[in-house]
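Chemist: Let me give you the structure first, and then I'll get to my questions.
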Amino acid sequence: MPISPHGCGMRAGSRWRILAAMNSPIEHRILALFSACQGIASRRGFMDDVYPLLQRILPHERFVCGIATVAPVAVLDVVDAGFPSEFVDGIVDGRGRIASPVIRRWLMDDAPVYFDEAARAAFVEPEDAAWLASFRRHGMRNMMAHGVKDLHGGATSYFCFAGVADGGEEKMRLLQLIVPHLHAALRTHYRLKVRAQEVELSSREREVLQLVCVGKTNEAIGTILGISPWTVKVHVRNFMAKLNVSTRGHAAAMAMKNGLVTI
Numbered sequence: 001m002p003i004s005p006h007g008c009g010m011r012a013g014s015r016w017r018i019l020a021a022m023n024s025p026i027e028h029r030i031l032a033l034f035s036a037c038q039g040i041a042s043r044r045g046f047m048d049d050v051y052p053l054l055q056r057i058l059p060h061e062r063f064v065c066g067i068a069t070v071a072p073v074a075v076l077d078v079v080d081a082g083f084p085s086e087f088v089d090g091i092v093d094g095r096g097r098i099a100s101p102v103i104r105r106w107l108m109d110d111a112p113v114y115f116d117e118a119a120r121a122a123f124v125e126p127e128d129a130a131w132l133a134s135f136r137r138h139g140m141r142n143m144m145a146h147g148v149k150d151l152h153g154g155a156t157s158y159f160c161f162a163g164v165a166d167g168g169e170e171k172m173r174l175l176q177l178i179v180p181h182l183h184a185a186l187r188t189h190y191r192l193k194v195r196a197q198e199v200e201l202s203s204r205e206r207e208v209l210q211l212v213c214v215g216k217t218n219e220a221i222g223t224i225l226g227i228s229p230w231t232v233k234v235h236v237r238n239f240m241a242k243l244n245v246s247t248r249g250h251a252a253a254m255a256m257k258n259g260l261v262t263i
């Protein structure tokens, strides 16, 4: 689900850093943005810590970003700050085609893209009539976008700003500078989503898994938790099935990698 820019609390340290950076020269704001991008520890971190700095560095009216695969086209994660749902939900049309001419141009050129009515003829195809009508209906004066591709050319991440002041060279260079850092932040945002959705263990299964990770046998775990070794074996079997692993060692490694236990 898209993450709203409203209703999320900020940590005190993050709030102070953002307020200090907002009153600083642009170079300081950019460095603060880079730091925030590397410091995300929760799903709220993108909108709480990164986005306020981004808005000050590159002012805009609307923003959306996401991670997707290209072949086949599939959207994996989205952060939306003011874009109409038809733009976000309709990125892929019924034929599996990318519906946005701005995204398609970025995929083709692998460079920052600026779109407004003056550039319409160079971007929009006859099949894009619905997209263009929506662009006009929602009063989007322009769009500027860039992203990061994976090593095989797939669209790993994409960042789109609507209602920017202009699409001049300075803004394009700024976009090239900050997007790799935004990409790192968005990748963390997505990994935290995957981690949260990947496995749902009961509290007892987590307790048993925690002890498996430190090398305890079923008998020892049973003694510690006050349950029988057979019950421990049932819990082990259950969490191994949920983790899709075949050995206790693999389960321990996956649990530690995904933050399911604390060692």
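Numbered per the UniProt record's numbering, the sequence shown finishes at 263, counting up by one with no gaps.
Think of the CB as a built atom: it goes at the ideal place given N, C-alpha and C, for glycine as much as any other residue.
#1: Below 8 Å on the Cβ atoms is my guess for S134 versus P59; work out the distance and round it to an integer in Å.
#2: Helix, strand or coil, according to DSSP, for I57 in the structure here?
#3: Three-state secondary structure (DSSP) at T262?
#4: Please state if the CB of G167 and the CB of Y114 are separated by a distance shorter than 8 Å.
#5: With C-beta atoms as the reference, is V124 less than 8 Å away from N142?
#6: Look up T69 in the DSSP assignment and give the residues it is bridged to.
#7: Would you mind sorting I76 into buried or exposed? The rule is 16 or more other CB atoms within 10 Å of its CB.
#8: Around the Cβ of E205, are there at least 16 other Cβ atoms within 10 angstroms (buried) or fewer (exposed)?
#9: Do you know offhand how far residue 264's Cα is from L260's?
#10: Mind reading off the beta-carbon distance from H189 to F46? Whole number of angstroms is fine, and I expect it under 8 Å.
#11: Helix, strand or coil for S246? Go by DSSP, reduced to three states.
#12: In or out: S203 buried (at least 16 other Cβ within 10 Å) or exposed?
#13: Taking the CB atoms as reference points, tell me whether D49 and A68 lie closer together than 8 Å.
#14: Assuming K193 contacts R29 (C-beta within less than 8 Å), just tell me the rounded distance between them.
#15: Determine which residues share a DSSP beta bridge with D80 and list them.
#16: Is it the case that the Cβ atoms of L175 and H146 are separated by a distance below 8 Å?
#17: Hey, I57 and L33 are a contact pair by Cβ (cut 8 Å); roughly how many whole angstroms apart?
#18: Does DSSP put S203 in a helix, a strand or coil?
#19: Any idea what DSSP makes of M256, helix, strand or coil?
#20: Have a look at T223 and G249 and give me their C-alpha separation to the nearest angstrom.
#21: Please return the same chain residues whose Cβ sits closer than 7 Å to the Cβ of A74, not counting the five positions on each side in sequence.
#22: With C-beta atoms as the reference, is H183 less than 8 Å away from V148?
#23: Using a Cβ-Cβ cutoff of less than 8 Å, which residues in the same chain neighbour V102 once the five nearest sequence positions on both sides are dropped?
#24: Got a sec? Which residues, its chain only, sit under 6 Å from M140 by beta carbon, not counting five neighbours each side?
#25: Please return the same chain residues whose Cβ sits closer than 8 Å to the Cβ of K216, not counting the five positions on each side in sequence.
#26: So is A81 buried or exposed if we call it buried at 16+ other beta carbons inside 10 Å?
#27: What is the DSSP secondary structure of V214, reduced to helix, strand or coil?
Modeler: Concretely, from the data shown:
#1: The pair is not a contact, with the Cβ atoms about 23 Å apart (cut-off 8 Å).
#2: helix
#3: coil
#4: yes
#5: no
#6: A74
#7: The sequence shown places Leu at residue 76, not Ile. With fewer than 16 other Cβ atoms within 10 Å, it is exposed.
#8: Using a 10 angstroms sphere on the CB of E205, the tally of other CB atoms reaches 16 or more, which defines it as buried.
#9: With the chain covering only 1 through 263, there is no way to say anything about residue 264.
#10: About 5 Å separates the two Cβ atoms, so the contact holds.
#11: Under the three-state reduction of DSSP output, S246 falls in the coil class, being neither helix nor strand.
#12: exposed
#13: no
#14: About 27 Å; that fails the 8 Å criterion.
#15: Assignment of beta-bridge partners to D80 by DSSP yields V64.
#16: yes
#17: 6 Å
#18: helix
#19: helix
#20: 21 Å
#21: A68
#22: Their beta carbons are under 8 Å apart, which means H183 touches V148 by this criterion.
#23: When the five nearest sequence neighbours on each side are left out, the beta carbons in the same chain lying within less than 8 Å of the beta carbon of V102 are those of V113, F115, F123, M143, A145, C160, in order along the chain.
#24: A162
#25: The beta carbon of K216 is closer than 8 Å to those of I224 in its chain, skipping five residues each way along the sequence.
#26: So A81 ends up on the buried side.
#27: coil
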